[in-house]
Every structure is written in structure tokens, then in C-alpha cells.
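Okay, structure first, notes after.
In the numbering used here, the protein residues as written are 1 to 743.
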């Protein structure tokens, strides 16, 4: 993996709702302070190191809302701010409305708090367009545009429309919910959000769970074809993947050893005396589980009276959205609960709960992290939660232990912590007791493992990983780019054919030798095409393989008079001229009994669809079904089949042109083609196909071979032709026709 500062981008344009700084005025003067948040910390850490490595002079531009004067602020030579102005009334509906009252609660699994208001959605669209307009004045060739978070879901696609070749990334810092939650949004909103996100080259999430939720939503809502994590979007591909946001580990760890922190640490330990410290810090929000945490601490005091006078819980709540009534109510409830617990248990010499409603300076925060015996991090739902990582990084003596909610994205990486369900008050209180009593040797082992992991995948690794994936997806897009056959390419193919002594043709049937028709049985080989194949096959230097998904009987009926090799059922059966059919792979077919009832159910639910049961596979055809109903049913069926086949590791679902086929992974068009290619030393190879199944074939063709895809879809083939009728002209090149014509 390249270091983050050794990529080829000339500039990185960060786009987020807020600029990373704000102006604070005091009397007649003003000063600049840094905003809070994981993204701000991450990017500023990156900018501090921008003058190292090969990309000296690489600049970061940050676009976001903020006061216009921030555009004149000089942060450092590599960092420039560009404020976006959103009218106050629009911003209230955009940020205060659709972002915070609609997206935030639903994506954090609080559907009852979600507000559905079309006027706030309209403001959201307007605001995203304002960001797009600002971007259009700044984008240059060589820029990497990195768009962040839920406030800007629509922006990647808006940029893509104006700059089709731009390098665009999107990263979501909050959870992406399951499809059952996401589908609560009106269809218009769902489609706009997903089309917006897939306008980027790569969509990043904190965890694989969020990635899979997104992919399922794309399949079910937009019906895009997806191969693993690659999403086909018209003539382009987009990748979704997990990139857990890291921290600047050394910055936190080394600060604990600074003289200033050591002095503060001595003062704090003196104040604590011999009491153990439990610590939490959160922004004020219902998703953070603060009330549940207080109830768990109260239950801890009730259940474990031996800890009375021996522990102090310092709970810091950072002010947030206090202008919203709901948040003011949460604050009141928190403070009432804190007062009740302290009123119940405190005395003149001991107060179990110290509550602070304020922001904490960095040095003070690091000191408390370092001294705390327990980091108490229990959100009800959180995209990542960097506080948990910061706490672990600051455990220089490894005397503390982390109690962490399984609902935080960080729990995936920090599984040596004591993982709890934040709604389980009993389990959470027991976890506090366990953390306080844990032997030092065990704490050492657990903390060290987590620290090593956080060192390896820090904020710089995160960025390098993300940028590296951008490079990979661009290479894949180049490989998949459509390049149509022209006269010069045809001349080259014809020339190589004439020079060759041993030639191999691998040709698909449906959609290649014959056009796609409404009913499969109607797709018969016409006399002209048969004669052309016969002429090519008559040359002893030529070997023709007809490689299809069709059954043996059909293949034999169509090619009985031709001297060609036949491959049926995508490579399961093969027949050489003058020989009987043989099977390429031996597989257990008992799985078909489980699949047939499911397919029958979908035939009943989707009028016009049908089942084709082959010897080694099963196919659901929906070409003749209503397009709208079929698009819905196909995604439901894929989900059902995925669930059924999750224990069938050697089976997979193959999506073709208006068909869904269930077959073994032990064979495909590529495996049978590889076998044939390796048998004989061919000096000319031509492979032609039209379907997704032919991508397996194209993948195995040597670099000197020619691969042609029928249609304009992205492909692994070297070349495309626009329609099936051009196949006859191409084959004519090898049937005695000397003149090359543009197809």
C-alpha cells in the first residue's frame, strides 16, 4: 500500500457540510478555533504531513459552510478554505430539517423520531446544488474530489453530470441502515440518495455491515447489477467497501508522555486520591445512549456496594444542537438523572458522578484518557466512535480497560474490549465491575493487541487504503471501458488470422450467433450463419467451439451437421466431433430439490416468468414478465437465494440477460475455455459473446487473443460491437472474404 502522500492527485478537494474552523468574536476582535469531529481531526492530521514524500506541494481545498471571512484565513501553505453560502431559511430546512430530523434518526435506527416533510427534502436538493455550483468553479484536471457524509448524498452524481471523468470518492461517517429501515423513506428520496452516492467511483463505509446494507439497498431500489462489491452504473462501475476511520495514534500516545500532560496527570491523581476513575465523553445526542449509561451506572452502584467511595464516574457531554427542543429535553433528563443518582449515593466526602456539559481541551482530554481506569463508551448506534480508539491509544501504562457498545462501528476492530449491548443494563453494570477487577496481565494483553491494530491502521493508513482503492477502481474502469471495433482493428485481426497456423474460435450462442428472442426455443441458427461457420470449420487450421448455456439436446440439434466442438450448460458438458457428451465436473446435484419450490413460488408471483431445469443448473427466465414487477421480484429472489445458499459454498447465482441461474462454482465458460486453450498451442484466438456469463470466458483469454462483446455494456473484452447483426460480417473475414469492411 502506498503512503497517503505518494498518489498522483495534484489536489485533494474535501467537501463536507462544515468548514473545519469557525470564527469566535470577543469584543472588537475575533479568533479562529477548530471545529470538533473525527473528519476534521483526520484531515488536519493529514495536512500537517503534506510536505513529506513525493507529493510536496500537494494541496487540500476544503469546501463547506462557514463565514465568508474564512476564505481569507491562511491555515498553512497546503490548506485552503472555500465557504459555501446557503440562505438561512433554506439551511434551516436543509440541515436542521432533512439532515437532522430525517436522515440522522432513520440511519441511527430511530424511525419514530424521523420526520417526513417534502419541503425539507426540496431544501436538501437545493443545498446540494449550491455545493455543486461552488465545486464547478474550482475543479481542475488531476483533482481528487472527496465528498463526506449524509448532508451531501446527492453531490457525487451532480458533479459526475458536469465532470464525467472526474475522480470522485464518497465516505459516509454514520451507519448505513438495513434495507428494511432504509425503505421507510419514500421511493423518490431513496432513489435520489442511492443514485447520488453511486455517482462516485468509490463509496466508503466504516464497517462491512454498512457496506452490505448499502449494496442490498442499491439492488432492491435501483436494480443495478452487482458483482461482489462492484456496482454497474450505466457505462461505469462504482465500488462499495469498508474503510474503518483511524486516528493519529502517535499524536495521542505521544501526548500522554509530554511534560504538560505528566504535570496535569499528577494533579488529577492527587485529586482522585485512591479512587478509580470511569470516564465517558459524547456529543449531546439521543443516539449516544447517555441515559442508558447512567441507568447502568446506577445499577452498578446498587449491585456492587463494595465500590462505594472507591469509584468516580466523570461524564462529559459536549453541547450540540441546543436550539432544537428535543435536545434540550434530553439535556434536562440527563441532568435530572445525574442529580437523582448523586442525591441517592453521595455524601460530604464522596460524589459518585461528576457531570460536565462543555467541550474539553485536547491536553486535558488526553490526561483524563490516560488516567481513567475504565473508558465507558456505550452508544445505542454509532458509525464508528473515535473516542474508543483515542482512549485505547492513551493507555500508555495499559492500566485501563474499555467497555464498548456492540452498536459502535469501532467494536469490529476493538473486540478485545469488554463488548456490551447498551440496552442491557444488567450486562453493562457487570461489565463495569469486570473492567475494574480485571487482572493487570489480562489488561496488558488486551490493550496491547488493540493498540497494535490502531497503530497499523491509523488515519494515514485509512487515507492510503481509500486512495489506493480509487487507483484500483480506475484501472478496472479502464479495463471495462467500451472500445468499438473499427476498420484498423478489423484489419489487424484479419492479418493475425492469416499469419496464424493454429486458430481457436470460442463463440457464444444466444445473442451472438442468433438474436435474443422472446421464447428460447425460437432462437434457431439461420442458414446463412450456419454456412459461414461451416466454411470456417472446413479449414483444418481452425477449431470452432460453440460455448453456450443451452442444454445438450438443443445444441446437438442446431449443430449436428457442423464439424465443431460443442459446450453445453456453461461448461458442464463438452462434445467433440464424432464423440459423445462428457461432463467436465462431477458435482452433487441434490441442492436442486431445495431451490425448485422457491423458483416455483416466484413463477406464481411474477406472471410471464418460467423455470428451465437443466441437468446441472436451474434457471429463472423473466424476459416475458412485466418489467416493473420483474425488477422487483428479481431482487427479492436474489436475496432469498443468497440466504438459502449461504451454507452451499460451492454454489452461486449467475445473473444473465433476463435470466437468473443457480449453478456450481466449479465450472463456467472460463474453466472449460482454459482447458481447451491449454491442450493445444494456438497462435490465434477469437472469443465472442454478449452476456455476463461470457465475462468468465473473456477473463481467461491470453493477451494476444481477441475478445469481442456484443452490446455497449462495460466488459472485460477488448472490444465491443453495437449489435448482434455485426457478427456475420466479422465471421465473413475468416470465410474467404479478403476485403475488410467497417462493421
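Think of the CB as a built atom: it goes at the ideal place given N, C-alpha and C, for glycine as much as any other residue.
As the structure is a computational prediction, the values presented were derived from the model and not from experiment.
Enumerate in chain order the residues of its own chain whose CB-to-CB distance from residue 496 is below 7 Å, with the five nearest sequence positions on each side excluded.
Reading the chain shown from its first residue, position 496 is the one you call residue 496. So the list reads 684, once near-sequence residues are dropped.
Unbroken alpha helix (DSSP H) run spanning residue 196, endpoints
What you label residue 196 is simply residue 196 of the chain shown in a count that begins at 1. 187-197 is the extent of the alpha helix (DSSP H) around residue 196.
Name the residue from 272, 407, 261, 336 whose alpha carbon lies nearest to the alpha carbon of residue 294.
Within the chain shown, numbered from 1, the residue matching residue 294 stands at position 294. Considering only alpha carbons, the answer is 336.
Can you give me the Cβ contacts of residue 288 inside the same chain, cut-off strictly under 6 Å, excluding the 5 residues immediately before and after it?
Taking the chain shown and counting its residues from 1, the one referred to as residue 288 is at position 288. Same-chain partners within the cutoff: 282, 379.
Nearest-angstrom beta carbon gap, residue 176 and residue 279 [assumed within contact, 8 Å]
Here residue 279 is taken as the residue at index 279 of the chain shown, counted from 1. Here residue 176 is taken as the residue at index 176 of the chain shown, counted from 1. Incorrect: roughly 30 Å between the Cβ atoms, too far for contact.
Straight-line Cα distance separating residue 411 from residue 43:
Position 43 of the chain shown, counted from the start, is the residue given in the question as residue 43. Position 411 of the chain shown, counted from the start, is the residue given in the question as residue 411. The straight-line gap from Cα to Cα measures roughly 23 Å.
Which listed residue (216, 325, 432) has its alpha carbon closest to that of residue 638
Within the chain shown, the letter at position 638 stands for residue 638. Closest option to residue 638, Cα to Cα, is 216.
For residue 638, three-class secondary structure by DSSP
Numbered from its first residue, the chain shown carries residue 638 at position 638. Correct three-state label for residue 638: helix.
Going by DSSP, which residues form a beta bridge with residue 314?
Stepping through the chain shown from its first residue, residue 314 is reached at position 314. Partner(s): 279, 354.
Measuring alpha carbon to alpha carbon, tell me which residue in 560, 174, 119, 520 is nearest residue 109.
Along the chain shown, read from residue 1 onward, the residue named residue 109 stands at position 109. Answer by Cα proximity: 174.
Rounded Cβ spacing between residue 200 and residue 156 (contact assumed at less than 8 Å)
One-based indexing of the chain shown puts residue 200 at position 200. One-based indexing of the chain shown puts residue 156 at position 156. Yes, residue 200 and residue 156 are in contact; Cβ-Cβ is about 4 Å, under 8 Å.
Please state if the CB of residue 424 and the CB of residue 304 are separated by a distance shorter than 8 Å.
Taking the first residue of the chain shown as 1, we reach residue 304 at position 304. Taking the first residue of the chain shown as 1, we reach residue 424 at position 424. Contact flag unset, no.
Please name the residue or residues paired with residue 401 in a DSSP beta bridge.
Looking up residue 401 in the chain shown gives position 401. 374.
Simplified DSSP assignment, three categories, for residue 287:
On the chain shown, residue 287 is found 287 positions in, with the first residue counted as 1. Residue 287 falls in the helix class under three-state DSSP.
Between residue 405 and chain B, is any beta-carbon pair separated by less than 8 Å?
The chain labelled as chain B is not found in the depicted structure, where only one protein chain is given.
Under DSSP, the beta strand (DSSP E) around residue 239 begins and ends at which residues?
Numbered from 1 along the chain shown, position 239 holds the residue referred to as residue 239. Here the beta strand (DSSP E) through residue 239 covers 236-242.
Considering only C-alpha positions, which residue in the set 284, 658, 450 is nearest to residue 519?
Your numbering for residue 519 matches position 519 in the chain shown. Answer by Cα proximity: 658.
Residue span of the beta strand (DSSP E) that contains residue 34, given as start and end
Along the chain shown, read from residue 1 onward, the residue named residue 34 stands at position 34. Start and end: 29-34.
Would you kindly report the start and end of the unbroken alpha helix (DSSP H) that includes residue 662?
Counting from 1 along the chain shown, the entry for residue 662 is found at position 662. Looking at the DSSP string, residue 662 is not in any alpha helix (DSSP H); the run it does join, the beta strand (DSSP E), is 659-664.
Is residue 370 buried or exposed, if buried means 16 or more other CB atoms sit within 10 Å of its CB?
Your numbering for residue 370 matches position 370 in the chain shown. Flag for residue 370 reads buried.
Identify, in the order they occur along the chain, each residue of the same chain with its Cβ nearer than 7 Å to the Cβ of residue 621, setting aside the five sequence neighbours on each side.
As a position in the chain shown, residue 621 is number 621, starting the count at 1. Once the five neighbours on either side are set aside, the close Cβ partners of residue 621 are 609, 610, 612, 658, 659.
Tell me the residue span of the beta strand (DSSP E) that contains residue 83.
Position 83 of the chain shown holds residue 83. Taken as a continuous stretch (DSSP letters only), the beta strand (DSSP E) holding residue 83 covers 79-84.
Since residue 309 is in the alpha helix (DSSP H), which residue starts that stretch and which ends it?
Your numbering for residue 309 matches position 309 in the chain shown. Taken as a continuous stretch (DSSP letters only), residue 309 belongs to no alpha helix (DSSP H), as it is neither H nor E.
Roughly how many angstroms lie between the CA atoms of residue 226 and residue 77, to the nearest whole one?
Counting from one through the chain shown, the residue named residue 226 turns up at place 226. Counting from one through the chain shown, the residue named residue 77 turns up at place 77. Their backbone Cα atoms lie some 42 Å apart in a straight line.
When the Cα atoms are used, what is the spatial distance from residue 431 to residue 79?
Sequence index remark: in the chain shown, residue 431 carries index 431 (1-based). Sequence index remark: in the chain shown, residue 79 carries index 79 (1-based). Straight-line Cα distance between these residues: approximately 44 Å.
Euclidean distance between Cα positions of residue 498 and residue 540:
Residue numbering aside, residue 498 sits at position 498 when the chain shown is read from its first letter. Residue numbering aside, residue 540 sits at position 540 when the chain shown is read from its first letter. Cα to Cα, residue 498 sits roughly 13 Å from residue 540.
Residue 720 to residue 131, Cα distance in whole Å?
Locating residue 720 in the chain shown gives position 720, counting from the first residue. Locating residue 131 in the chain shown gives position 131, counting from the first residue. Distance between the alpha carbons of residue 720 and residue 131: 37 Å.
May I have the straight-line CA-CA distance separating residue 311 from residue 376, to the nearest angstrom?
Walking along the chain shown from the start, residue 311 turns up at place 311. Walking along the chain shown from the start, residue 376 turns up at place 376. Distance between the alpha carbons of residue 311 and residue 376 is about 13 Å.
Work out the CA separation of residue 442 and residue 228 for me, nearest whole Å.
For this step, residue 228 is matched to residue 228 along the chain shown. For this step, residue 442 is matched to residue 442 along the chain shown. Each residue's Cα considered, the two are about 39 Å apart.
Whole beta strand (DSSP E) elements within the region 660-707, 3-residue minimum
684-689
With a 10 Å radius around its C-beta and 16 neighbouring C-beta atoms as the bar for buried, classify residue 390 as buried or exposed.
Residue numbering aside, residue 390 sits at position 390 when the chain shown is read from its first letter. That one is buried.
Output needed for residue 674: all residues of its chain with C-beta closer than 7 Å, excluding positions within five of it in sequence on either side, in chain order.
Locating residue 674 in the chain shown gives position 674, where the first residue counts as 1. The residues are 700.
Do residue 87 and residue 66 have their C-beta atoms closer together than 8 Å?
Walking along the chain shown from the start, residue 87 turns up at place 87. Walking along the chain shown from the start, residue 66 turns up at place 66. No; because the gap between Cβ atoms is not below 8 Å, this pair is not in contact.
How about the region 133-146 and the region 11-31: do they share at least three Cβ pairs that are nearer than 8 Å?
yes
Could you check if residue 522 is buried or exposed, using at least 16 other CB atoms within 10 Å of its CB as the buried criterion?
The residue you call residue 522 lines up with position 522 of the chain shown. By the neighbour-count rule (16 or more Cβ atoms within 10 Å), residue 522 is not buried but exposed.
Just curious, the beta strand (DSSP E) that residue 22 is in, first and last residue?
Position 22 of the chain shown, counted from the first residue, corresponds to residue 22. Element bounds for residue 22: 21-26.
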